[in-house]
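Everything on this sheet refers to the single structure shown next.
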């Protein structure tokens, strides 16, 4: 096996070495622009489905490169199509564009002071998850590839996606709407790559996981109906709070006793219970809201089915009634194992063997999942933590920071994976 891996890596290195030396020059030339774009987007963040300035800047850049541009996709999304010198397959590259309703709290010279309205309130707006870096990286990839399209056998589709953090209530958006509007068609995409910067992974490191890399996130709401009575006479009513407690306990047995956790992790969490108005009244009803996180399609289906079976049965056993509704926020971000195996030698050649590291699954969610539900995909995690730093602020926090020196590796990774996939297909 070691000999096989070494041979594969040598082939990848040989392929990369055979690329025109102009690619190295292009990488060196583009880095300062990528950093400048990233800082501009960071200073001018926009919330989901409101990425107007961001989209305008992206579209202008792609147009200037001679790339076919489509705007207004899924509200504010931008899609570019670069056709190579020779026919072949189509690879898509995706970057998400939106920021979060978080007020930035750091001393960066390009920190955000933007405010906007979110759910009826005035809020600070910040790129607290690194989407500004994703956009800048993909703009850099587009420039490099557009200047070397003679090396491309096939086409590259650049997908700049709005609303990864979720569209505003009452609106559609994100990857799901882009797929619905046909972003993976005309021409049909054969494979898709994406990345996510990570503030707690050192600069220069790329991490990955085959199969379920990020969890499906589902929301569930359970309504419990009992019979109201005086708190001193519980026997004359049906207690929905007791039933709710039994349901919570029962749901956990689905994980602890029915789910093959050695295969993949899974989580059922109840985050909210609402019931009653007074200490001495057993109420008539209760409501529970929670989340399900799964990393395997079969496990996801089984857990959903068992929850639908168990909830009404438990309520009935205690004399009440209960219904459950499960809705999907995102699906499983599933890295196609064959595609992962094929791309690893390229990543190792780009980043160094020791800097391409496997990791365990993340129970956070990503709507890149909707793209890989349609076509094979590979989603990687890119280091953004300053080398030598032992602690950093997590994503979605006011103090979140990314080291700009990590961006160029993202440009190289997406560029080289695209070329390898298209030219070796």
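Residue numbers (the numbering used here): 946 to 1370.
All C-beta atoms in this analysis are idealised placements derived from N, C-alpha and C, irrespective of residue type, glycine included.
Remember, it's a predicted structure, so these values are computed and weren't measured experimentally.
query: Cβ-Cβ distance between residue 1071 and residue 1044 below 9 Å; result: yes
query: Short Cβ contact (9 Å threshold) for residue 1042 with residue 1080; result: yes
query: Neighbourhood of residue 1085 by C-beta, 6 Å cutoff - its chain only, sequence neighbours within 5 removed; result: 975, 979 and 1356
query: Pairwise C-alpha distance: residue 971 and residue 1012; result: 17 Å
query: Minimum length 4: unbroken alpha helix (DSSP H) runs contained in the segment 1137–1203; result: 1185–1203
query: Sub-9 Å separation of residue 1099 and residue 1111 beta-carbons; result: no
query: Segment contact flag, the segment 1327–1335 with the segment 1171–1184, C-beta cutoff 8 Å, min 3 pairs; result: no
query: Where residue 1222 falls, given that 16 or more other Cβ within 10 Å makes a residue buried; result: exposed
query: Straight-line Cα distance separating residue 1115 from residue 995; result: 14 Å
query: Counted within 10 angstroms of its Cβ, other Cβ atoms place residue 1216 as buried (16 or more) or exposed; result: exposed
query: Backbone CA spacing between residue 1078 and residue 983 [nearest angstrom]; result: 5 Å
query: Residue environment, residue 997, which counts as buried when at least 16 other CB atoms sit within 10 Å; result: exposed
query: Residue 1278 beta carbon less than 9 Å from that of residue 1158; result: yes
query: Bridge partners - residue 1028, DSSP secondary structure assignment; result: 1100
query: C-alpha gap between residue 1347 and residue 1353, whole angstroms; result: 13 Å
query: Rounded straight-line distance, which links the Cα of residue 1234 to that of residue 1189; result: 11 Å
query: Distance CB(residue 1218)-CB(residue 1232) smaller than 9 Å; result: yes
query: Simplified DSSP state of residue 1236, which is helix, strand or coil; result: strand
query: Nonlocal neighbours in the same chain, by C-beta distance under 6 Å from residue 1268, ignoring five residues either side; result: 1168
query: Beta-carbon spacing of residue 940, residue 1183 below 9 Å; result: No information on residue 940 is available, as it lies outside the stretch 946 to 1370 that the chain covers here.
query: Euclidean distance between Cα positions of residue 1369 and residue 1280; result: 20 Å
query: For residue 1162, the nearest candidate out of 1364, 1007, 1329 and 1314 (CA to CA); result: 1314
query: Given 8 Å, three or more beta-carbon pairs between the segment 1086–1093 and the segment 1050–1070; result: no
query: Rounded Cβ spacing between residue 1209 and residue 1306 (contact assumed at less than 8 Å); result: 7 Å
query: CB contact flag (residue 1027, residue 1319, <9 Å); result: no
query: Buried versus exposed, by CB contacts within 10 Å (16 or more), residue 1224; result: exposed
query: C-alpha distance - residue 1074 paired with residue 1340, whole-angstrom precision; result: 5 Å
query: Three-state secondary structure assigned by DSSP to residue 1304; result: coil
query: Of the residues 993, 981, 1005 and 1053, the one placed nearest residue 1343, counting alpha carbons only; result: 1053
query: Beta-carbon spacing of residue 1132, residue 1018 below 9 Å; result: no
query: Assigned exposure category for residue 1175 - 16 Cβ within 10 Å defines buried; result: exposed
query: Beta-carbon proximity list for residue 1359, same chain, < 8 Å, skipping 5 on both sides; result: 1038, 1082, 1083, 1086, 1138 and 1140
query: When 1259, 1056 and 1106 are compared against residue 1003, the one with the closest alpha-carbon; result: 1106
query: Per DSSP, the bridge partner or partners of residue 1357; result: For residue 1357, which the question treats as bridged, DSSP gives no partner whatsoever.
query: Environment of residue 1146 [buried if 16+ CB atoms lie within 10 Å]; result: buried
query: Other residues of its chain near residue 1059: CB distance less than 6 Å, five sequence neighbours each side excluded; result: 990 and 1070
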